[in-house]
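Participant: Those protein sequence lines, which keep their order, are chains Z and G.
FYI, our numbering numbers position 401 of the first sequence as 624, with every residue one higher than the one before it.
FYI, our numbering numbers position 58 of the second sequence as 40, with every residue one higher than the one before it.
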Amino acid sequence: MKVQLREPKFVMKLSKLGSFHQTKLSFLRSFLNEFKDWKYKRDLFDLDEYGYGRAVYSFQKKKRIYSLVCFANKINDDERSDRVIATKWDAAFTLHDGIPTKLDLDRLSENVPKQEVGRVSYKELTLSRANKSLRIFEHVVESLSNGVQPDKNILSKVGYLYRTTAVYGSGKFGLADRFRIKNRKEINGPFRLEMMLVYLVRQFTFDQVNHIAKNKNPKKAVELDPDICRNLGIGNSTGLGMAPFIVNHPTLLNNWILAKETVLKKIREIKNVDPKELELFRNCLIKSQKNIENWKTESEFQIKKINELKIDLEKFSKYLNNQLDINKEYLFNDIYNWAENNLTDEGIEYIVSLMMEPYDNIVKPMINEMSSDEDEYFEIPTSRTIQELRNILENNYSEILKIDFSDKQSNQNFWFISKNKEEPRLADRYLQKGSELEQPLAIARDIKRLYQKISNEKNSSSVGNFLIKNSELRHVVRRAFIVEKFPYAEIQDNIIGSKLIPIDMLRLKLSFFGANKFDPRSDKWLRICMFQGAPLPNELNSFSEQWIYNSLN
Amino acid sequence: MKSYSEIDTTVKRASKAIGFSWGDSEEIGKCIRLLEMLGISGVRNLNSYFKVYNKQKFQNINLISKDNSSSIPYCPISAGLNFLNQISHMEELSEISISNIAYPVLLIPFISRASYISGKKILLKIDGQNLLLNFNQSIYSNFSGKDVLEKSKSINIKFLENVNLFSEDEWKELYKLSEDTFVEESDELKEVAAGAGLTDND
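(1) Just how far apart, CA to CA, sit L775(Z) and N514(Z)?
(2) Consult DSSP for N354(Z) and reduce its assignment to one of helix, strand or coil.
(3) Below 8 Å on the Cβ atoms is my contact criterion, and I expect I83(G) with I121(G) to pass it. Report the Cβ-Cβ distance as a whole number of Å.
(4) Given this structure, state the Cα-to-Cα distance separating D109(G) from N146(G), to the nearest angstrom.
(5) Since I615(Z) and V706(Z) are thought to touch, with beta carbons under 8 Å apart, how far apart are those beta carbons, to the nearest angstrom?
(6) Alpha carbon to alpha carbon, how far is Y772(Z) from N764(Z)? Give it in angstroms, no decimals.
(7) By the DSSP assignment, the beta strand (DSSP E) with I640(Z) in it spans what residues?
(8) Work out the CA separation of D557(Z) and L348(Z) for me, nearest whole Å.
(9) Applying the 10 Å Cβ sphere with the 16-neighbour rule, what's the burial state of M224(Z)?
(10) Which residues in chain B sit within 7 Å of Y(-14)(G), going by Cβ to Cβ distance?
(11) State yes or no: is the C-beta of N618(Z) nearer than 6 Å to some heavy atom of the ligand NAP?
(12) Rounded to whole angstroms, what's the CA-CA distance from L547(Z) to D(-10)(G)? Just pull it up for me.
(13) Which of the three DSSP states is assigned to A314(Z) in this structure?
(14) Are N50(G) and T605(Z) touching if we call contact CB-CB under 7 Å?
(15) Name the residue from K48(G), S134(G) and S23(G) whose alpha carbon lies nearest to the alpha carbon of Q111(G).
(16) Could you tell me which residues DSSP puts in a beta bridge with Y56(G)?
(17) In chain G, which residues lie less than 8 Å from S351(Z) when you measure between Cβ atoms?
(18) Distance cutoff 7 Å, beta carbons only. Does N776(Z) sit that close to anything in chain G?
(19) Which residues does DSSP list as the beta-bridge partners of R648(Z)?
(20) Would you verify that the beta carbon of L566(Z) is, or is not, closer than 7 Å to some beta carbon of chain G?
(21) Along the stretch -8 to 13 of chain G, what residues have a CB closer than 7 Å to any CB found in chain Z?
(22) On a Cα-Cα basis, can you pick out the residue from D598(Z), V226(Z) and G570(Z) that is closest to E484(Z)?
(23) Looking only at C-alpha atoms, which of K625(Z), L508(Z), N440(Z) and L577(Z) sits nearest to S215(Z)?
(24) Determine the direct distance from the alpha carbon of D151(G) to that of K158(G), and round the result to whole angstroms.
(25) Counting C-beta neighbours from all protein chains within 10 Å, is the total for S629(Z) 16 or more, i.e. buried, or is it exposed?
(26) At the 7 Å Cβ level, is I691(Z) part of the contact set with chain G, yes or no?
(27) Whole angstroms are fine: how far does the CA of Q662(Z) sit from the CA of A(-1)(G)?
(28) Within 7 Å of any Cβ in chain Z, is that where the Cβ of Q119(G) sits?
(29) For R697(Z), return the contacting residues in chain G, with the cut-off set at a CB-CB distance below 7 Å.
(30) Would I377(Z) be called buried (16 or more neighbouring beta carbons within 10 Å of its own) or exposed?
(31) Take the Cβ of K172(G) as the centre, count every other Cβ of all protein chains shown within 10 Å, and call the residue buried at 16 or more, exposed below.
(32) Quick check: what's the CA-CA separation for A482(Z) versus M593(Z)?
(33) Near K236(Z), what residues of its chain come up, given a Cβ to Cβ distance below 7 Å and the 5 sequence neighbours on each side ignored?
(34) Using a Cβ cut-off of 7 Å, pull out every chain Z residue sitting near L66(G), in sequence order please.
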């Protein structure tokens, strides 16, 4: 039986994309699999009694070494901010290519703590900073220094000791350009070095908290229990900076979504599902339901979604236990169809994630397909005709062409770059100033303009001739030809409309990172947790593939 | 050192700020990045051009013909963009000349990309200095590329036919040498070492 890929106009709606969950394809999970046979080492740990100083951690395989360089600094409580306008952080990090020399460390100590206003070099690969979760960090130090383990209930409310507030890569602030390293096999997956940085930062937070507790009370202090460590992740506070990424990298977005959709299709096409595979799926469902109980948020938007998910999973469990005929062929196709007909987007996408768990053989080959050499698709085929362009627009943007942009609400917002921090922002076109400096992210509006404009052109005329007179539409002409080859490259929604929920865009990207426990703090920023439940670095050579469902159970 | 990613992004934004469309600005960002990677000073030339861009008059070339001349200096970016827009027509012209173009260095990356798109090498002459553009992979040139060049009197662009740079005899000599890696086939080897039989009539 052949199952069709889900259609882009169904999958690429923001409400759908904003309901995605982590999967086996997620970057932090594929990172751990790729680096499980690398040698982990703490090379330097030079902190004072209060935990301030520098540390270096590394992963090594043969001659290749990646080193995380950490700088922990004293800051006042009133200086601690998750916003990108902050200028001081509890700790700052960079991933260095190779072993840093003393000169490198001195150079980095002058620059890494400054983050955006410092400069790093082509020898550095990623850059980040993080702040302590004060309520958790102090509780853990206090407990350990008194010889007792921290209260797991308190820990479960947050899930991490530190949260990062930005992770930069690919040439920013002088970091290595992607082309310098793109042929390395071990990083042939998106954001793999960013994942490495975050993972090693997690270990630094455990080492730091143990170190401070030990110095506070050398005779009585105990170390944080490895089981508790394993169940702590790294938080991340993310705002709009992440949202334009998925618009600005259409081929990459396509490859992420296509990988997910291809895996789903292949699983639905399995004729005879092995009972062991069904059992693994069932176990993951049961374990993951406990995770959902620990998904805390004050966001009414998210609380509603979590409640819907809980109801969905109760319904689904009943279906799985009472209605599903497990002797039927194409079992997962039945499961998927039932989910699509009976559950919300949250529930459907959750089941899709769980369906992947038994199928390493299907998932792993797709992981290598999730990068993209974007420059290859930059050129516009200017000799193509207007008729061809029109066909592409009608075939790939049918939902967008239905949007009425004469309606004020369809144009409500505009995206801009803030002058003080060079970060993307979203504002109301009719209330705030600056729309004349709008970023080229209003793809739906501009695609519709393009469609209207070419209606007056001769079908046989070339796209090149059209561009001579209409250069203001060049950016969307390029996109149209990209979408022709990459059907999942475009969000099939209006991201300047009044109904936009920007965190849907963030959640899409973060789900591919492998984040969970999405905790929106407004419609424009959220907190998440990464690597919660993940093996510790010294456990990487042997760990459960389903570790993500084991946190705090 | 600025990364190439930073150069691309900053040039794109600066180009939009000076008055180009976003789509054109994306092209300019990629082109200046390319120049810098090839060791030609793109940022310096672009910066100099942008300083005068809104103060002086520059002529846009829309439809490029075999011979193009203007008393007002041509805009190199408009010329480059429209060269790409009309690439199939440009190939038909085979050889194109443009007189009086401002900041000609900025035209180079567009023509280099045209070489890749057309699949042909292009010989670009800027006031007598030669640049051989090799499918956007490299540039062979006697042009230093370090300075700002404010104007060029004459530019000539020639699509080169895909021909080898060596003679048939030179090729044969080399091929003969390569044959020394082959095994002479005996009758027995002819029978057993290939998949099909010696006669395959059916």
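Note that CB positions come from ideal geometry on N, CA and C, so glycine has one too.
Facilitator: Let me lay it out:
(1) In this predicted model, L775(Z) has a pLDDT of only 47, less than 50, meaning its place in the structure is not dependable; the value taken from the coordinates is given anyway. Each residue's alpha carbon lies about 8 Å from the other.
(2) strand
(3) The pair is not a contact, with the Cβ atoms about 18 Å apart (cut-off 8 Å).
(4) 27 Å
(5) 7 Å
(6) 19 Å
(7) N636 to I640
(8) 45 Å
(9) exposed
(10) Reference to chain B is not applicable here, since the protein chains of this structure are Z and G.
(11) Annotation note on the ligand NAP: not contained in the displayed structure, which lists no ligands.
(12) 55 Å
(13) strand
(14) no
(15) S134(G)
(16) Q41(G) and I83(G)
(17) Within 8 Å Cβ-Cβ: nothing; S351(Z) doesn't reach chain G, min ~17 Å.
(18) Residue confidence for N776(Z) is low, a pLDDT of 43 falling below 50, so the modelled location carries little weight and cannot support an answer.
(19) F639(Z)
(20) no
(21) S3, W4, G5, D6, E8 and K12
(22) V226(Z)
(23) Residue 215(Z) cannot be examined here, being either before or after the span of chain Z that is shown, 224 to 776.
(24) 11 Å
(25) exposed
(26) yes
(27) 11 Å
(28) no
(29) S3, G5 and D6
(30) exposed
(31) exposed
(32) 7 Å
(33) Q715 and D716
(34) T605
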